[in-house]
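Colleague:
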Amino acid sequence: MFDTHCHIDEEAFVADREEVIARQRAAGVEAMIVPGVNVASIDTVLEVCYQHPGYCFPALGLHPEDVKADWQTALETVEKAIRAHRSELVAIGEIGLDYYWDKTYKAEQQEVLRRQLLLARELDLPVILHNREATEDIIKEVRCTMYDVQGKFPLRGVFHCFNGSKETAQQILEMGFYLGIGGVLTFKNCKLADTLSDLNAQWSNGSINRTSSIVQSSLFERLVLETDAPYMAPVPHRGERNESRFIQHVAERLASVFSTSPDAIIAQTTINAKRLFGL
């Protein structure tokens, strides 16, 4: 199993981080991406990944919820760290837009996202995108920065914690991006399973544009698994601190959507994650 989004560096894991990682290894989690969210997490992300080389892979970025009055200074610090650690990083993230709690810095969020997307394109790194109540704007920003002046297609990445509509998923897939599937798939009233099932049918009958060479041959090949630990624990652990080993429950639910085995889901999504993050 490959967890493409785990905040193992955060305070929730300080007391027992090594025990958690040992449990994950024993449960079959072979690797995880550890995304940064702000200036403070630059050091915590890199430290955890240095302690677990080949197992924890770092990404750095400025999360939209951390875009405040000092956003310019924070962004410059994060950008400087990304450039300094380019050879170690597997992505720029977690970045994106979030209008759910506060729209005070809406324009600044867009500027921060735009600059980080351009940096990802320049450094040839995938992006890990956070989107909450901002679908139209985030897709617009991605499309505007996707191509360079020569018309090439270097920008790539994953829409983290996807739980959007079929129409939104179709737009994301047609841009060549991946969908990050996490614990929300197991929630009782979640419609994501139906969305994925409908998308798979559309993909199979050719309703989704698959002309781009970067778009794979099946929807199954455009999905990656994630936990967002310590947040968003899946059923039957909802309400608990999430851990990467709980990704097994996501794989089991996804297997039912695609009428296949959890082992097949784990094998393919691991291939997808390694392809996306160059591992």
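Under the working numbering, the sequence shown has 174 at position 36, and the numbering climbs by one with no breaks. The beta-carbon is built from N, C-alpha and C at its ideal position, and this holds for glycine as well.
Which two residues bound the contiguous alpha helix (DSSP H) that contains Phe297?
Modeller: Per DSSP, Phe297 belongs to no alpha helix (DSSP H); it is in the beta strand (DSSP E), Gly295 to Phe297.
Colleague: List the residues that DSSP assigns as beta-bridge partners of Cys194.
Modeller: Met170
Colleague: Assign Asp154 to one of three DSSP states: helix, strand, or coil.
Modeller: coil
Colleague: Between the C-alpha atoms of Val322 and Asn301, what's the straight-line distance to the nearest angstrom?
Modeller: 7 Å
Colleague: What residue range is occupied by the uninterrupted alpha helix (DSSP H) comprising Tyr316?
Modeller: Unbroken run through Tyr316 is the beta strand (DSSP E), Tyr316 to Ile319; no alpha helix (DSSP H).
Colleague: Can you list the beta strand (DSSP E) stretches of 3 or more residues lying completely in the region 224-255, in chain order?
Modeller: 229-236
Colleague: Looking only at C-alpha atoms, which of Arg294, Met170, Leu256 and Pro368 sits nearest to Ile266?
Modeller: Arg294
Colleague: Compare the Cα-Cα distances from Leu417 to each of Leu334, Glu390, Arg391 and Gly192 and report the closest residue.
Modeller: The option with the nearest alpha carbon to Leu417 is Gly192.
Colleague: Measure the CB-CB distance between Pro196 and Val177 and report whether it falls below 7 Å.
Modeller: no
Colleague: Kindly indicate the opening and closing residues of the alpha helix (DSSP H) around Asn410.
Modeller: From DSSP, the alpha helix (DSSP H) with Asn410 extends over Pro400 to Phe415.
Colleague: Work out the CA separation of Lys278 and Trp209 for me, nearest whole Å.
Modeller: 21 Å
Colleague: With 16 as the cutoff for other CB atoms within 10 Å, does Leu198 come out buried or exposed?
Modeller: buried
Colleague: Which residues in the same chain have their Cβ closer than 7 Å to the Cβ of Ser179, if we skip the five residues on either side of it in sequence?
Modeller: Only Asp147 meet the Cβ criterion.
Colleague: State the start and end residues of the unbroken alpha helix (DSSP H) segment that holds Arg391.
Modeller: Ile385 to Phe396
Colleague: On the CB-based measure, 16 or more other CB atoms within 10 Å of its CB, does Gln308 come out buried or exposed?
Modeller: buried
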